[in-house]
Amino acid sequence: MAQAAIELIGINKSFGAVRANRDINLEVARGTIHGIVGENGAGKSTLMSILYGFYQADSGEIHVGGKPVSINTSNDAIALGIGMVHQHFMLVDNFTVLENVILGAENDALLKSSIAKARSELERLEREYGLEVDPDAIIEELPVGLQQRVEILKALYRGAEILILDEPTGVLTPAEADHLFRILKQLKEQGKTVVLITHKLREIMAITDTVSVMRQGTMVATRATKETTVGELAELMVGRRVLLRVEKGQSEAGAIKLSVKNLTVKDSRGVTMVDDVSFDVRGGEIVGIAGVAGNGQSELLEAISGIRHAVSGEVMLEGRPVDLTGKADPGELRDRGLAHVPEDRHHVGLVLAFEENENSILGYHDDERYLKGPFLNVDAIMADAKDKIEKYDIRPGNPRLRTANFSGGNQQKIVLAREMEQDPGVLIVGQPTRGVDVGAIEFIHKRLIAMRDQGKAVLVVSVELDEIRSLSDRILVMFAGRIVGEHGPEATEGELGLLMAGVEHQEAAE
Amino acid sequence: MDSFVAIVQVLDSTIRLSVPLLLACLAGLYSERAGIFDIGLEGKMLVGAFAGAAAASVFHSAFIGLGMAILISVAFAMVHGFASITHRGNQIVSGVAINFVAAGSTIILGQAWFQQGGRTPALQPGERFEAIVWPGADAVRGVPILGPIYSELISGHSILVYFAFAMVPFTWWVLFRTRFGLRMRAVGENPAAVDTAGISVAWLRYRALICTGVLTGVAGAYLSMVQNGGFVKDMTAGKGYIALAALIFAKWKPVNAMFACLLFGFLDALSIRLQGTPLPIVGKVPVQFMQALPYVLTVILLAGFIGKAIPPRAGGVPYVKER
Ligand SMILES: Nc1ncnc2c1ncn2[C@@H]1O[C@H](COP(=O)(O)OP(=O)(O)O)[C@@H](O)[C@H]1O
Ligand SMILES: [Mg+2]
Numbered sequence: 001m002a003q004a005a006i007e008l009i010g011i012n013k014s015f016g017a018v019r020a021n022r023d024i025n026l027e028v029a030r031g032t033i034h035g036i037v038g039e040n041g042a043g044k045s046t047l048m049s050i051l052y053g054f055y056q057a058d059s060g061e062i063h064v065g066g067k068p069v070s071i072n073t074s075n076d077a078i079a080l081g082i083g084m085v086h087q088h089f090m091l092v093d094n095f096t097v098l099e100n101v102i103l104g105a106e107n108d109a110l111l112k113s114s115i116a117k118a119r120s121e122l123e124r125l126e127r128e129y130g131l132e133v134d135p136d137a138i139i140e141e142l143p144v145g146l147q148q149r150v151e152i153l154k155a156l157y158r159g160a161e162i163l164i165l166d167e168p169t170g171v172l173t174p175a176e177a178d179h180l181f182r183i184l185k186q187l188k189e190q191g192k193t194v195v196l197i198t199h200k201l202r203e204i205m206a207i208t209d210t211v212s213v214m215r216q217g218t219m220v221a222t223r224a225t226k227e228t229t230v231g232e233l234a235e236l237m238v239g240r241r242v243l244l245r246v247e248k249g250q251s252e253a254g255a256i257k258l259s260v261k262n263l264t265v266k267d268s269r270g271v272t273m274v275d276d277v278s279f280d281v282r283g284g285e286i287v288g289i290a291g292v293a294g295n296g297q298s299e300l301l302e303a304i305s306g307i308r309h310a311v312s313g314e315v316m317l318e319g320r321p322v323d324l325t326g327k328a329d330p331g332e333l334r335d336r337g338l339a340h341v342p343e344d345r346h347h348v349g350l351v352l353a354f355e356e357n358e359n360s361i362l363g364y365h366d367d368e369r370y371l372k373g374p375f376l377n378v379d380a381i382m383a384d385a386k387d388k389i390e391k392y393d394i395r396p397g398n399p400r401l402r403t404a405n406f407s408g409g410n411q412q413k414i415v416l417a418r419e420m421e422q423d424p425g426v427l428i429v430g431q432p433t434r435g436v437d438v439g440a441i442e443f444i445h446k447r448l449i450a451m452r453d454q455g456k457a458v459l460v461v462s463v464e465l466d467e468i469r470s471l472s473d474r475i476l477v478m479f480a481g482r483i484v485g486e487h488g489p490e491a492t493e494g495e496l497g498l499l500m501a502g503v504e505h506q507e508a509a510e
Numbered sequence: 511m512d513s514f515v516a517i518v519q520v521l522d523s524t525i526r527l528s529v530p531l532l533l534a535c536l537a538g539l540y541s542e543r544a545g546i547f548d549i550g551l552e553g554k555m556l557v558g559a560f561a562g563a564a565a566a567s568v569f570h571s572a573f574i575g576l577g578m579a580i581l582i583s584v585a586f587a588m589v590h591g592f593a594s595i596t597h598r599g600n601q602i603v604s605g606v607a608i609n610f611v612a613a614g615s616t617i618i619l620g621q622a623w624f625q626q627g628g629r630t631p632a633l634q635p636g637e638r639f640e641a642i643v644w645p646g647a648d649a650v651r652g653v654p655i656l657g658p659i660y661s662e663l664i665s666g667h668s669i670l671v672y673f674a675f676a677m678v679p680f681t682w683w684v685l686f687r688t689r690f691g692l693r694m695r696a697v698g699e700n701p702a703a704v705d706t707a708g709i710s711v712a713w714l715r716y717r718a719l720i721c722t723g724v725l726t727g728v729a730g731a732y733l734s735m736v737q738n739g740g741f742v743k744d745m746t747a748g749k750g751y752i753a754l755a756a757l758i759f760a761k762w763k764p765v766n767a768m769f770a771c772l773l774f775g776f777l778d779a780l781s782i783r784l785q786g787t788p789l790p791i792v793g794k795v796p797v798q799f800m801q802a803l804p805y806v807l808t809v810i811l812l813a814g815f816i817g818k819a820i821p822p823r824a825g826g827v828p829y830v831k832e833r
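Residue numbers (my numbering), protein chains in the order written: chain Y, 1 to 510; chain R, 511 to 833.
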């Protein structure tokens, strides 16, 4: 084995009550691409942020290039040749690319020579790696793919020999991801070391030499990529074998519970986002809406759930119309049996500063069950929250913990538990498993199917085609605000892909 | 010609009245650009004014007074930094506390040391900053138009006035042309970006607050050693707050800040000038109305005429990495 570029020994780190890293050991060989996989909340970002000096470990040792080092600030890490592309970019949004690149690496007080040097360096990096980006562009005007490029340039500009990338492909299109991987391979050929965090196992198999698996704050295994399989990694990640496709029986569709007729929605600029859409959802079936993000799915969901104004059309919930002026009372819709799991749980679904038990009844807090006269019945709420925690395996299982301290997947489960446990007749779910890890995905899918089997009408919108195909009894494809096709669950990825890309739609229009 | 002279006089007092605003506004600009809200401009100006006048009168030197004003004001800025940077406290609460401490301590110390009801002794010549008469100012006074402009508006101010106006281009230069400025703007927008770039967020913010302290110190010294011949209790009279309004109004930009402060200074000068003089059409305007004008104007202008004023994005939020 080649010499170790990095060695982490016995790293521990807690955030309050949460033990994010427990006694972690990791060795990364020089000149390799080392993958780190793990579910959301496993502690991957924390571990790498410790290596980068962003957090300080509670205990443990770090060796770089064989020597023990102390990394107290990012400056120490940079000096040791470590660079990191964070999951949430560390860019100043209203600065130019150039300003972001030189920030902290300027070596003259008046910036003149720094700027000149940065320009020529950026040109060189652009030529060498195909990392093109206009140095004078303002960050917030760049698409995320390019913003990530700036982050990589920042690290390379500082002469990083060890480059850490935290979930870099989450924000990239497939073509951009391919380009990124070519760059990473090129870096490896030049003898640099790359640490790649991801939860997409396909990427791990495609590009890494070695892969380490983390689970709930511990390092559970390290394997040579050649000697492992996606199945084994997935199992290591969640600690048991995962069903990549959930078993489900035939659907028994009943009466129409949700009916959408000629719905048209415009956004604030007057652009038509949903264009004359009609469909029905019956009790006992899951209808999935597939489509590339931004084709009107979000607006459709918002209009149906009464929080966005629709220009025209009609939505019937259990035979009675829904107010489409955008001023519908969500409480009233809830009483009528509509449960809504919004796409954006951080802004719409949860109050992150609240405790878990508060969020687990939010919106239903006027319910008799949770009240004692005019006051909240704290005991009932806590009991209810504990119940949901158990049933939905929400971790950590502490109803008093601030919601912000749960990982994304567990936050999603809090919302799902709240909405599903109210026994709604109609359930609308946006991106049920966005940012959720493999184990929780399976669980959420099972719950959704159980709802269907109880005769509920379920409408699922997701940009993950796999998810739509594995859940839905009927698949509708949305493109440019219209429903451009309907398929059964047996539809192939290819068929749906063409529809999603608008190919058939355009041909039909000609 | 009479009305021309009147205009020049109003403009002259506009300059005099806008100087403390301008210094305080630029002071606030350093701190807010670095992401620290500073309600305590008022208090820091007040302690500066007191320390300046007290030291000048005891040591018989205007420059020792100025030095003392700056020193004490910076010390108060550091207290604000200790509370809001090191201990991640609420910046508004810390700022308000500083204002209270300043208002109370200046009166108590003033009474204890000088026994003049909270005043400091009247400053003698040499203990104040005198007006600097530019060469030829008297000779050209008679020349129409340019004469009064040169001799009244440009010449005949104290050194602190020239300093205040020189700080405008200087601050612009620091902000947009130096490494310190680049980092300071960055830390006000996204401290995590600064941190991961290997720069200490806390030290950077402390340095910005030192700049704030220096400028509020000079502003205070101007009040007690130039505009007035000594310290009078509560002599800042809300200027720190107007400076904050001007800062928002100026969208945190130095040159805009100068114009905003000149505008407020002008309204102030006008209200003094028009006291008791009936205006055409509207007749006599109550003084209170004119004094309220800067505030009314701020509200109206902020409500729609200057467009959205976007503060530095990390402003007011302590930098906490671990929830
Ligand atoms: N800055 C922080 N403050 C408090 N808790 C945190 C912080 N960062 C992460 N955590 C918690 O630590 C655990 C591990 O998180 P993280 O390292 O981000 O996981 P991963 O990157 O594997 O998804 C989670 O439970 C998360 O909520
Ligand atoms: Mg992470």
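Beta carbons: idealized from backbone N, C-alpha and C, even for Gly.
Since the structure is predicted, the reported quantities are computational estimates derived from the model, not experimental observations.
Partner residues on chain R for residue i, Cβ-Cβ distance less than 7 Å
{"i": "Glu-99 of chain Y", "result": "Leu-692"}
{"i": "Asn-405 of chain Y", "result": "Arg-833"}
{"i": "Phe-354 of chain Y", "result": "None at all; the shortest Cβ gap to chain R is about 14 Å."}
Within chain Y, partners of residue i - CB distance below 7 Å
{"i": "Gly-708 of chain R", "result": "Thr-73, Ser-74, Asn-75, Ile-78 and Gly-104"}
{"i": "Arg-598 of chain R", "result": "Within 7 Å Cβ-Cβ: nothing; Arg-598 of chain R doesn't reach chain Y, min ~15 Å."}
{"i": "Lys-761 of chain R", "result": "Residues of chain Y passing the Cβ test: none, with the nearest at roughly 12 Å."}
Distance between residue j and residue i (C-alpha atoms, nearest Å)
{"i": "Gln-190 of chain Y", "j": "Pro-168 of chain Y", "result": "21 Å"}
{"i": "Val-341 of chain Y", "j": "Ala-491 of chain Y", "result": "26 Å"}
{"i": "Leu-803 of chain R", "j": "Asp-778 of chain R", "result": "8 Å"}
{"i": "Arg-543 of chain R", "j": "Arg-345 of chain Y", "result": "32 Å"}
{"i": "Gln-186 of chain Y", "j": "Tyr-129 of chain Y", "result": "8 Å"}
{"i": "Glu-314 of chain Y", "j": "Met-382 of chain Y", "result": "39 Å"}
{"i": "Val-520 of chain R", "j": "Phe-514 of chain R", "result": "10 Å"}
{"i": "Arg-241 of chain Y", "j": "Asp-108 of chain Y", "result": "A caution first: Arg-241 of chain Y carries a pLDDT of 46, below 50, which makes its placement in the model too unreliable to give a value."}
{"i": "Asn-262 of chain Y", "j": "Leu-685 of chain R", "result": "55 Å"}
{"i": "Val-529 of chain R", "j": "Ser-583 of chain R", "result": "17 Å"}
{"i": "Arg-308 of chain Y", "j": "Glu-356 of chain Y", "result": "28 Å"}
{"i": "Val-463 of chain Y", "j": "Glu-486 of chain Y", "result": "16 Å"}
{"i": "Ile-11 of chain Y", "j": "Ala-155 of chain Y", "result": "24 Å"}
{"i": "Ser-472 of chain Y", "j": "Gln-148 of chain Y", "result": "34 Å"}
{"i": "Ile-183 of chain Y", "j": "Ala-753 of chain R", "result": "51 Å"}
{"i": "Val-653 of chain R", "j": "Leu-122 of chain Y", "result": "59 Å"}
{"i": "Trp-762 of chain R", "j": "Val-697 of chain R", "result": "14 Å"}
{"i": "Arg-484 of chain Y", "j": "Gly-254 of chain Y", "result": "The displayed chain sequence assigns Val, not Arg, to residue 484 of chain Y. Their Cα atoms are separated by approximately 25 Å."}
Residues that residue i bridges to, as DSSP identifies them
{"i": "Arg-215 of chain Y", "result": "Y:Thr-218"}
{"i": "Leu-300 of chain Y", "result": "Looking at the DSSP assignment, Leu-300 of chain Y forms no beta bridge with any residue, so it has no partner."}
{"i": "Phe-375 of chain Y", "result": "Y:Lys-372"}
{"i": "His-667 of chain R", "result": "R:Ile-642"}
{"i": "Phe-279 of chain Y", "result": "Y:Val-260"}
Contact set for residue i: own chain, Cβ-Cβ below 7 Å, skip 5 residues either direction
{"i": "Ile-306 of chain Y", "result": "In the sequence on display, residue 306 of chain Y carries Gly and not Ile. Around Gly-306 of chain Y: Val-322, Asp-323, Ala-328, Pro-330 and Leu-333."}
{"i": "Ala-563 of chain R", "result": "Gly-575, Thr-630, Leu-633, Ser-734, Met-735, Gly-740 and Phe-741"}
Partner residues on chain R for residue i, Cβ-Cβ distance less than 9 Å
{"i": "His-86 of chain Y", "result": "Ala-702 and Thr-706"}
Other residues of its chain near residue i: CB distance less than 6 Å, five sequence neighbours each side excluded
{"i": "Phe-181 of chain Y", "result": "Ile-207"}
{"i": "Glu-106 of chain Y", "result": "Ser-114"}
Cβ-based neighbour list, residue i, same chain, cut-off 8 Å, excluding 5 preceding and 5 following
{"i": "Glu-232 of chain Y", "result": "Arg-223"}
{"i": "Val-643 of chain R", "result": "Ser-665 and Gly-666"}
{"i": "Gly-599 of chain R", "result": "Ala-593 and Pro-828"}
Proximal chain Y residues relative to residue i, where beta-carbon distance stays under 9 Å
{"i": "Ala-696 of chain R", "result": "Val-92, Phe-95, Glu-99, Asn-100, Leu-103 and Gly-104"}
{"i": "Glu-699 of chain R", "result": "Val-92, Asp-93, Asn-94 and Phe-95"}
Residue i at chain B interface by Cβ criterion, 8 Å
{"i": "Leu-47 of chain Y", "result": "This model lacks chain B altogether, as its protein chains are Y and R."}
8 Å Cβ cut-off: residues of chain Y touching residue i
{"i": "Thr-688 of chain R", "result": "Ala-109, Leu-110 and Leu-111"}
Jot down the residue ranges of each uninterrupted beta strand (DSSP E) in the region 419–501 of chain Y, minimum 3 residues, whole runs only, in chain order.
426–430, 457–461, 474–479 and 482–487
Quick check on the DSSP output: what are the complete alpha helix (DSSP H) runs of length 4 or more inside the region 89–163 of chain Y, in order along the chain?
97–102, 112–129 and 144–157
Can you check the region 726–788 of chain R for any alpha helix (DSSP H) of at least 4 residues that lies completely inside it and give the ranges in chain order?
749–759 and 764–783
Identify every run of the beta strand (DSSP E) within the region 57–92 of chain Y, keeping only runs that are complete inside it and at least 3 residues long; order them along the chain.
59–64, 67–69 and 82–85
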